[in-house]
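Here the sequence shown stands for residues 0 to 373, where the numbers follow numbering that gives the first Met the number 0.
No residue lacks a Cβ here, since even glycine has one placed at the ideal position from N, Cα and C.
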Amino acid sequence: MIGGGIAGLTSAWALARAGFEVSVLDTHALPNPHGSSADDGRIIRHVYGTMEGYAALMPAAHLAWARLFAATGHDRLLPVRALYVLREEGPWQATAQRALDAAGLRLALLDDSAIAALPMLNRDGVLRVAEVEGSGILQARAILDDLLALLRRSGVQLREGVEVAGIDPAKGIVTLCGGETIGADALVIAAGTGVTSLLPGLARDWGLRASVQTLAYLDPPPHLAAAWQAGPMLLNRLSGHPTGGVYVLPPRQGARLKIGDYDTTAEADMGADHATLRADRVAALLDAGARAIADFGAYRIAAVRHCHYTMAHEDRFVVRRVGERGWVVSACSGHGFKLAPLIALGLAAAIEGQVEGAALAHWAAGREGERVHG
Ligand SMILES: Cc1cc2nc3c(=O)[nH]c(=O)nc-3n(C[C@H](O)[C@H](O)[C@H](O)COP(=O)(O)OP(=O)(O)OC[C@H]3O[C@@H](n4cnc5c(N)ncnc54)[C@H](O)[C@@H]3O)c2cc1C
């Protein structure tokens, strides 16, 4: 296993429970604070933009999380209200309604008094607010810690601080920086943005690239602290804004109030120092935050950071067989965390020979449950 982010660790879990002897190799100490997976929280919900094929996977994704939590002994999914703050008309509501209907969940439009009861919401330009059932926050960092503990208990070898310099997926051979070679029956490349260096040609052909996202952690003013502790996540698309919009995750169980942008157009500079901030991106994020959150100037900006993630064509998972022994698991843009255990179980089934590589790729790309509009 190359990579110890959520994709690599859940794949290691799924393979170990299927009886394989697994080693995980990562350049960094685990959990890697600079990886895409390391953060306080990640959103899980049944609506998936206009991608109905992925929405159809969400009930199974929840079952996969339940299975993982049963194995780690810790349920790390916090149910949190998800409010879509709609400031323009578009196809979102009808698509979301279909996805929720299929899952037996509700989409409710908030009335004026329910909207007025949200002291944190900037109501400027708001057409309506839709609440979608079945949403929550996955406690990402705690999940990585739990997985690492579980893998250690299960006898999985975790090798930190080892960088893979080259791979031969046909023979199942990994060459580390320093020259050591390791052979494996199956080689899983779950290297996050690192896939663009390990398999540059294929990554390009499959439309994989590394983008940069910007996050800010906020301290609310004291009079709103209690409201935020019970507050919802706010999902705001802002078309025409340089961020594309902003999502707001409320503080919960020690995690801070957080805002993040939706802009995925900027290429990440993989050689750049993680601490170097891009002033234009930070300014755009804070401007978007002010459009989403009322009285934004009263909030203290506790920290700002950039993160990298792997963008895929149409935001689809790329899970492909490469050569005789290689498998690539590349997360689907900003959605890779919530689906990771499910994709991992599918990958393990394919490596066991229960599923064809092509069928796995089709399923993981969310094409099975896709609705054809006539
Ligand atoms: C700001 C932000 C918000 C997001 N929000 C959500 C959300 O709300 N919901 C959701 O579902 N998803 C979300 N995502 C996406 C999700 O977090 C990612 O898709 C997922 O974490 C990717 O996991 P990964 O294991 O593929 O990559 P990573 O976590 O980056 O792990 C890859 C690992 O591979 C290692 N590696 C790379 N190259 C090598 C090499 N050559 N040798 C050895 N090791 C190597 C790296 O050191 C790293 O530790 C978000 C992502 C970001 C950045």
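**Message:** Short of 7 Å in beta carbon distance, which residues of its chain neighbour Glu132, apart from the five on each side in sequence? Order them along the chain.
**Reply:** Leu99, Leu104 and Arg105
Quick one: using the 10 Å Cβ neighbour count with 16 as the cut-off for buried, is Gln252 buried or exposed? exposed
Within the present structure, is the beta-carbon of Thr275 separated from the nearest heavy atom of ligand 1 by less than 7 Å? no
Checklist entry - Buried or exposed: Gly373, going by 16 or more other Cβ atoms within 10 Å of its Cβ? => result At Gly373, the pLDDT of 36 sits below 50, so the modelled position is not reliable; the number obtained from the coordinates is stated separately. Counting Cβ neighbours within 10 Å, Gly373 comes out exposed, since fewer than 16 surround it.
Notebook entry, point to check: Span of the alpha helix (DSSP H) holding Asp145?
Noted result: Residues Ala139 to Arg152.
### Inter-residue spacing [alpha-carbon to alpha-carbon] between Asp218 and Gly352
Taken atom to atom, the span from the alpha-carbon of Asp218 to that of Gly352 is near 50 Å.
Using DSSP with H/G/I as helix, E/B as strand and the rest coil, what is Leu104?
coil
Subject >> 7 Å CB neighbourhood of Glu51 in its chain, flanking five on each side removed >> reply: Thr94, Arg97, Ala98, Gly368, Glu369 and Arg370
- request: Alpha carbon to alpha carbon, how far is Ala291 from Leu237? Give it in angstroms, no decimals.
  value: 9 Å
Review point. Helix, strand or coil for Val155 per DSSP?
Key: coil
| Buried or exposed: Ser10, going by 16 or more other Cβ atoms within 10 Å of its Cβ? | buried
Margin query: Please return the same chain residues whose Cβ sits closer than 6 Å to the Cβ of Arg17, not counting the five positions on each side in sequence.
Written below: Looking at the sequence shown, residue 17 is not Arg but Ala. Taken in chain order, the residues that qualify are Ala347 and Glu351.
TODO: With a 10 Å radius around its C-beta and 16 neighbouring C-beta atoms as the bar for buried, classify His222 as buried or exposed.
DONE: The residue in question, His222, is exposed, as its Cβ has fewer than 16 Cβ neighbours within 10 Å.
Run of the alpha helix (DSSP H) containing Ser238, from where it starts to where it stops: It is not in any alpha helix (DSSP H) - Ser238 carries neither H nor E in the DSSP assignment.
### Message
Here's the rule: buried if 16 or more other CB atoms are within 10 angstroms of the residue's CB, otherwise exposed. What is His45?
### Response
buried
Report task. Count the other C-beta atoms from every protein chain shown that fall within 10 angstroms of the C-beta of Thr180, then say buried if there are 16 or more, exposed otherwise. Result -> Classification for Thr180: exposed.
Requested in this report: Evaluate contact between the region 334 to 343 and the region 53 to 69, counting only Cβ atoms and requiring at least three cross-stretch pairs below 8 Å.
Outcome: yes
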